[in-house]
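Structure first, commentary second.
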Amino acid sequence: MKKSKLLTKKILIPAGLIFVVLIGLSYAANRTIVADRLAEMAYQEEYGNKKTSDGQFIISFMPGENNQKIASLGGFAGGFYDLPVAEVPHEYEGMPIVAVDEQAFSEFLNLQKVVLPQTIETIGSRAFAICPALKEVYLPASVVSISEDAFDESPNVTLYVEKGSYAEKFAAEHEMTYESYTPEPLADVPEEEKLQAVYDKLYQEKLMYYDIIYDYTGTPLCAVTAWNAMSDDKNLEIPNQIDGADVRAIGENAFIRCNNLNAIVMPETLESVGRGAFQDNGGLQKVYFHEGVSYIAYDAFEGASQVTICAPKNSYAHHYAVEHGMNFEEWYGG
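Every number in this note's numbering is 6 more than the matching position in the sequence shown, counting from 1.
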């Protein structure tokens, strides 16, 4: 019996030690995980992407020398609202913007003009790729590096360059159309005067959400971004203005799978309709467009082929309906 108790003690002591070690390892591992998460959160807070106050651009950051951050243009947020013109700012919170990141302007099908500031030095891979409507890109003499594929599948672009600059040599070597220009002097905007975008606001009680950003002229643009698919409303008439801003855009996937809606009347102020805006919308029968709309994404009605587009004859919406084999009904408002 004594041997049995002794054996039990000999077994329990190592087991207890193992348990204590495991607890210690688990605690250390948890502390490491927490520390890693905190470090990641701190890094994201310091170097994570930020939007400019007007809502047009996404700014990305990298650590530089002497603990200074380096700012670059990570993307054109205005492209998601189908803005046709982008005038890139030269600084973000006092930091000069020195680069255009890879694919920053890629695949914005309505983008027509981009003006870069005199702080940009490098342009990344496919930065302006697959932009069929892009006609003008302004490149200052500060640019000293352009990726070979920066303008792939953007066949209609003309580069505006300073004489004797690297950009001029790039255009000539790549047999791209180019013209000379002289950039405007840089001008700072005080922080308190910068325009402030708003996101995901609810329009009254109609279960419709919207953003307000600003275009390159400082004019506000209201974009309808979402509709509650659970709403029982059958008909919707979108107002010309919300919060004092013209409703100029229907955002990507704004009315996707809203099967209860039968008809939508677009505002007279509308200019563009984003990708997949009415996608997979089986209940929708008619969408009414005024004369002013000038861009509808190629896949705006994907999975909703039963829709009839109602618009003035020979308007952009009429031509869109014909081009995409959709039903068309002549309509002039009222």
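Beta carbons: idealized from backbone N, C-alpha and C, even for Gly.
Cα-Cα separation between Ile-76 and Ala-133, rounded to whole angstroms: The residue you call residue 76 lines up with position 70 of the sequence shown. The residue you call residue 133 lines up with position 127 of the sequence shown. C-alpha separation (whole angstroms): 18 Å.
C-alpha distance - Glu-113 paired with Gly-309, whole-angstrom precision: Here residue 113 refers to the residue found at position 107 of the sequence shown. Here residue 309 refers to the residue found at position 303 of the sequence shown. Rounded to the nearest angstrom, the two C-alpha atoms are 22 Å apart.
Enclosing alpha helix (DSSP H) for Phe-114 [first to last residue]: Here residue 114 is taken as the residue at index 108 of the sequence shown, counted from 1. That residue, Phe-114, is in no alpha helix (DSSP H); it is neither H nor E in DSSP.
Burial state of Ala-45, where buried means 16 or more other Cβ atoms lie within 10 Å: Taking the sequence shown and counting its residues from 1, one reaches residue 45 at position 39. Because the pLDDT of Ala-45 is 46, which lies under 50, any placement of that residue in the model is unreliable, and the number read from its coordinates should be weighed accordingly. Looking at its Cβ environment, which holds fewer than 16 other Cβ atoms inside 10 Å, Ala-45 is exposed.
8 Å Cβ cutoff met for Val-106 and Ser-151: Locating residue 106 in the sequence shown gives position 100, counting from the first residue. Locating residue 151 in the sequence shown gives position 145, counting from the first residue. It is not a contact, given that the beta carbons lie outside the stated cut-off.
Contacts around Glu-363, its chain only, beta-carbon distance under 7 Å, and the 5 residues preceding and following it disregarded: For the chain, the structure presents residues 7 to 340; residue 363 sits outside this window and is missing.
Tyr-49 to Phe-82 span [Cα, whole Å]: Within the sequence shown, the letter at position 43 stands for residue 49. Within the sequence shown, the letter at position 76 stands for residue 82. Confidence in Tyr-49 is poor, its pLDDT being 47 and thus under 50, which makes the residue's placement too unreliable to answer from.
Cβ-based burial, Val-230 [other Cβ within 10 Å; buried from 16]: Here the question's residue 230 lines up with position 224 in the sequence shown. When all chains shown are included, Val-230 counts as buried.
Own chain partners of Asn-268 with C-beta closer than 8 Å, once the 5 adjacent residues on each side are dropped: For the purposes of this step, residue 268 is taken as residue 262 along the sequence shown, with counting starting at 1. Excluding residues within five positions, the ones whose Cβ falls inside 8 Å are Lys-240, Asn-241, Gly-289, Leu-290, Gln-291 and Lys-292.
Of the residues Asn-320, Lys-319, Phe-295 and Gln-285, the one placed nearest Tyr-304, counting alpha carbons only: Here residue 304 is taken as the residue at index 298 of the sequence shown, counted from 1. When only C-alpha atoms are compared, the closest one is Gln-285.
7 Å Cβ shell around Tyr-205 - same chain, five flanking residues per side excluded: Walking along the sequence shown from the start, residue 205 turns up at place 199. Closer than 7 Å at the Cβ level, and outside the excluded window around Tyr-205, lie Asp-217.
Rounded distance between the beta-carbons of Leu-192 and Asp-60, thought under 8 Å: Counted from its first residue, the sequence shown places residue 60 at position 54. Counted from its first residue, the sequence shown places residue 192 at position 186. At roughly 17 Å, the Cβ-Cβ gap does not stay under 8 Å, so Asp-60 and Leu-192 are not in contact.
Coarse secondary structure for Gly-170, derived from DSSP in three states: Taking the sequence shown and counting its residues from 1, the one referred to as residue 170 is at position 164. Gly-170: coil per DSSP, three-state reduction.
The beta strand (DSSP E) enclosing Ala-92, as first and last residue numbers: By one-based count along the sequence shown, residue 92 stands at place 86. Residue range 91 to 93 is occupied by the beta strand (DSSP E) that includes Ala-92.
Met-47 versus Pro-318: straight-line alpha-carbon distance, rounded: As a first step, residue 47 must be located in the sequence shown, where it is residue number 41. As a first step, residue 318 must be located in the sequence shown, where it is residue number 312. Residue confidence is low: Met-47 scores 47 on pLDDT, short of 50, so the model does not pin down where it sits. Its coordinate-derived value is still stated next. So the alpha carbons of these two residues sit roughly 53 Å apart.
Closest residue to Val-253 among Ser-278, Ala-235 and Lys-56 (Cα-Cα distance): Taking the first residue of the sequence shown as 1, we reach residue 253 at position 247. Distances from the CA of Val-253 to each of Ser-278, Ala-235 and Lys-56 were compared; the closest alpha carbon is that of Ser-278.
Sequence-distant residues of the same chain with beta carbon closer than 8 Å to Tyr-399, five excluded per side: The question about residue 399 has no answer here: the residues shown for the chain are numbered 7 through 340.
Tyr-302 to Met-68 span [Cα, whole Å]: The residue you call residue 302 lines up with position 296 of the sequence shown. The residue you call residue 68 lines up with position 62 of the sequence shown. The sequence shown places Ile at residue 302, not Tyr. Those two C-alpha atoms are separated by around 36 Å.
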